[in-house]
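First the structure, in the form of structure tokens, and then the observations on it.
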Amino acid sequence: MKKIALLILVLISNIQLTNASEINGELIELAKVYRNFMFRNSATDYAFEKLEKINSSELQKTVAFIKETITTNNNLTTEKFLILPDEETLYQIYIIRRINWNLREEKPKDNDKLILELRNKNVPRYELIDSYYSMLFSGIGNKNQPFDLSEVDFRIDNYDLKNDTEKGIFFLKTMQFCGTTIWGYMNVVKPPNYKKALQYINNYPKFNGQQYYQYLDFGFEDFEMEIEKDKGIESYKHYYINKYYQTLLYHMMCLNQKKKYKKQRENLLLGSILKEKNYYKYSKNKETLESFFRTMKMD
72 MKKIALLILV LISNIQLTNA SEINGELIEL AKVYRNFMFR NSATDYAFEK LEKINSSELQ
132 KTVAFIKETI TTNNNLTTEK FLILPDEETL YQIYIIRRIN WNLREEKPKD NDKLILELRN
192 KNVPRYELID SYYSMLFSGI GNKNQPFDLS EVDFRIDNYD LKNDTEKGIF FLKTMQFCGT
252 TIWGYMNVVK PPNYKKALQY INNYPKFNGQ QYYQYLDFGF EDFEMEIEKD KGIESYKHYY
312 INKYYQTLLY HMMCLNQKKK YKKQRENLLL GSILKEKNYY KYSKNKETLE SFFRTMKMD
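The opening residue of the sequence shown carries number 72 in my numbering; numbering runs sequentially from there.
Encoded structure:
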């Protein structure tokens with residue numbers, strides 16, 4: 072009887088190992104497809120056929136997400152994808168992203184060993200959420216041209232985000248993506264192309280029915296993670312709120328170019344965290360922000 076029980080345990084263990092090996096192979100295949108078509112390359116019929124052949128029930132949500140990220144004119148701004156998936160799907164997508172990075176290395180690690188390393192790492196939920204929305208907004212930006220989210224209204228309470236920190240991650244990741252659309256016009260071309268930058272800003276999405284700059288919920292709990300490769304862990308709020316302040320300042324600079332934007336300037340300054348002195352510590356442009364604070368009487 073003991074021998075039979077032992078044999079059953081061995082068989083179950085072997086089945087589990089085989090299943091895990093198959094899933095790992097499919098995660099690697101997903102990462103390769105993602106790598107090849109995540110930017111401007113149009114996904115081929117053959118690429119979509121490869122995705123269709125991934126039949127593991129555990130991976131179907133992940134397959135659907137990866138398929139959408141490589142699809143031109145995709146639906147990533149719909150609630151189907153904005154709603155946070157379950158923890159296992161988040162982990163799978165995180166692993167795919169890391170394999171993608173690994174494949175870009177001059178001397179990549181063995182992907183199976185990388186997956187095992189990541190599975191044993193116990194990645195914090197906040198980091199998984201950051202990874203998910205990074206890939207989602209990359210997919211929106213790379214595959215939906217020209218940039219225009221002016222008709223999009225992100226209803227943050229609808230996305231199964233558990234607390235204010237998770238909602239803050241969503242907002243800051245959205246605005247990091249939006250900020251990249253104007254960075255070149257403000258920093259690369261000389262002089263800055265304020266007109267073009269403002270056109271992009273006018274195509275930014277709304278949040279809960281309000282203009283992007285009216286989002287004020289930044290009192291959430293901070294955490295640390297490695298945000299930029301090889302730079303160690305750092306404060307999430309320091310990194311991303313600084314980026315957000317930069318976008319607000321660029322917006323103000325654009326509006327300062329013409330007198331006709333006086334009302335818009337007032338709305339931006341008084342309706343955003345440009346007036347919130349408590350958050351200036353997160354910005355690398357603290358002196359500029361404090362100059363606004365000194366020259367205006369705040370309520």
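Think of the CB as a built atom: it goes at the ideal place given N, C-alpha and C, for glycine as much as any other residue.
| request: Sort Met257, Gly239, Gln270 by Cα distance to Leu287 and report the nearest one. | output: Gly239
| Can you round the beta-carbon distance between Tyr351 and Leu360 to whole angstroms, since I take them to be within the 8 Å contact cut? | 5 Å
| Cβ atoms of Asn274 and Phe208: under 9 Å apart, would you say? | no
| query | Taking three-plus beta-carbon pairs below 8 Å as touching, is the region 194-210 in contact with the region 258-268? | reply | no
| query | Pick from Leu319, Thr318, Arg336, Gln317: whose alpha carbon is nearest that of Leu326? | reply | Arg336
| request: Within 10 angstroms of the Cβ of Arg169, are there 16 or more other Cβ atoms? Answer buried if so, exposed if not. | output: buried
| task | Could you tell me the distance, in whole angstroms, from the CA atom of Lys121 to the CA atom of Ala114? | result | 11 Å
| task | Kindly list the residues whose CB is nearer than 6 Å to the CB of Leu147, restricted to its own chain and excluding five residues on each side of it in sequence; keep chain order. | result | Glu139, Leu207, Gly210, Ile211
| field | Where Lys244 sits in the DSSP three-state scheme | value | helix
| request: Please confirm if the region 119-135 is in contact with the region 98-106, defined as three or more CB-CB distances below 8 Å between the two stretches. | output: yes
| query | Which runs of the alpha helix (DSSP H) fall wholly inside the region 188-275 and span at least 4 residues, in chain order? | reply | 196-214, 235-258, 265-272
| message | Taking only three categories from DSSP, how would you classify Glu177? | response | coil
| Can you pull the DSSP bridge partners for Phe278? | Phe225, Gln281
| message | Can you tell me whether Glu347 is helix, strand or coil according to DSSP? | response | coil
| said: Here's the rule: buried if 16 or more other CB atoms are within 10 angstroms of the residue's CB, otherwise exposed. What is Leu161? | reply: buried
| field | C-alpha distance - Val81 paired with Asn145, whole-angstrom precision | value | Residue placement at Val81 is poorly supported in this model, since its pLDDT is 39, which falls under 50; the coordinates are not used for a value here.
| query | Between the region 225-241 and the region 290-309, do at least 3 Cβ pairs fall closer than 8 Å? | reply | yes
| Limits of the alpha helix (DSSP H) - the one that Met324 falls within | 307-326
| Asn182, buried or exposed, once every other Cβ within 10 Å from all chains shown has been counted against 16 | buried
| Other residues of its chain near Ser221: CB distance less than 6 Å, five sequence neighbours each side excluded | Asn274
| query | Bridge partners of Ile170, per DSSP? | reply | Paired residues: none, contrary to the question.
| Comparing the CB of Ala135 with every heavy atom of the ligand NAD, is any distance shorter than 8 Å? | Looking for the ligand NAD in the displayed structure turns up nothing, as the structure carries no ligands at all.
| query | In terms of residue numbering, what span does the beta strand (DSSP E) encompassing Glu14 cover? | reply | The structure shown has nothing for residue 14, since the chain only spans 72 to 370.
| request: State yes or no: is the C-beta of Asn246 within less than 9 Å of the C-beta of Tyr315? | output: It is worth fixing the name first, because residue 246 is Met in this sequence and not Asn. Yes, Cβ-Cβ distance for Met246 and Tyr315 is below 9 Å.
| said: Which residue wins for smallest C-alpha separation from Leu187, given the options Asn229, Pro276, Tyr310, Ser92? | reply: Ser92
| message | Using a Cβ-Cβ cutoff of less than 7 Å, which residues in the same chain neighbour Asn279 once the five nearest sequence positions on both sides are dropped? | response | Arg226, Ile227
| Per-residue DSSP class, three states only, for Ile137 | helix
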